[in-house]
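Chemist: Residue numbers (full-length UniProt numbering): 1 to 103. Below you'll find the structure I mean.
Now the structure itself:
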């Protein structure tokens, strides 16, 4: 299993665009229905800081996400938006959970 947490802060003006781009990723992932990808994004109380929590069965599944047209659009527009805080990517390790994750 590969698990990632990514967090960054957009401008207040770009936050709605970012939310729409993330919705595009989720739509494409739901259509794809890949069993090895679990993807979620959270908006913090300031309404412009985003946290992505992604779980992948393996590196191949991660590559599926990053190759999606919707992900490429999201990534390109995010970097061009003038971020207040650039993305911080952390590889995280599961300690315990109440639900099943990838082995």
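Built from N, CA and C at the ideal position, the CB exists for glycine as well. Since the model is a prediction, treat every value here as computed from it, not as a measurement.
Taking buried to mean at least 16 other C-beta atoms within 10 Å of its own C-beta, is residue 21 buried or exposed?
Modeler: Answer is buried; the Cβ neighbour count reaches 16.
Chemist: Decide if residue 10 is buried, meaning its Cβ has at least 16 other Cβ atoms within 10 Å, or exposed.
Modeler: Buried.
Chemist: So, at 6 Å on beta carbons, what are the nonlocal neighbours of residue 12 in its own chain, with the 5 sequence-adjacent residues on each side left out?
Modeler: Around residue 12: 48.
Chemist: What do you reckon, is the C-beta of residue 98 under 7 Å from a heavy atom of the ligand GTP?
Modeler: In terms of ligand content, the structure shown is empty, and the ligand GTP therefore cannot be addressed.
Chemist: Check this for me: beta carbons of residue 102 and residue 55, under 8 Å apart or not?
Modeler: Contact flag set, yes.
Chemist: Using a Cβ-Cβ cut-off of 8 Å (strictly less than) and excluding sequence neighbours within five positions of residue 89, which residues of its own chain qualify?
Modeler: Same-chain partners within the cutoff: 4, 5, 6.
Chemist: Using 10 angstroms around the beta-carbon of residue 85, count the other beta-carbons present and answer buried if the total reaches 16, otherwise exposed.
Modeler: That one is exposed.
Chemist: Would you mind giving the Cβ-Cβ distance between residue 57 and residue 17, rounded to the nearest angstrom? I have them listed as a contact below 8 Å.
Modeler: About 30 Å separates the two Cβ atoms, so there is no contact after all.
Chemist: From this set, 91, 44, 63, 69, which residue's C-alpha is nearest residue 25's C-alpha?
Modeler: Closest option to residue 25, Cα to Cα, is 69.
Chemist: Quick check on the DSSP output: what are the complete alpha helix (DSSP H) runs of length 4 or more inside the region 42-77, in order along the chain?
Modeler: Runs found: 59-67.
Chemist: Please classify residue 44 as buried or exposed, where buried requires at least 16 neighbouring CB atoms within 10 angstroms.
Modeler: Counting Cβ neighbours within 10 Å, residue 44 comes out exposed, since fewer than 16 surround it.
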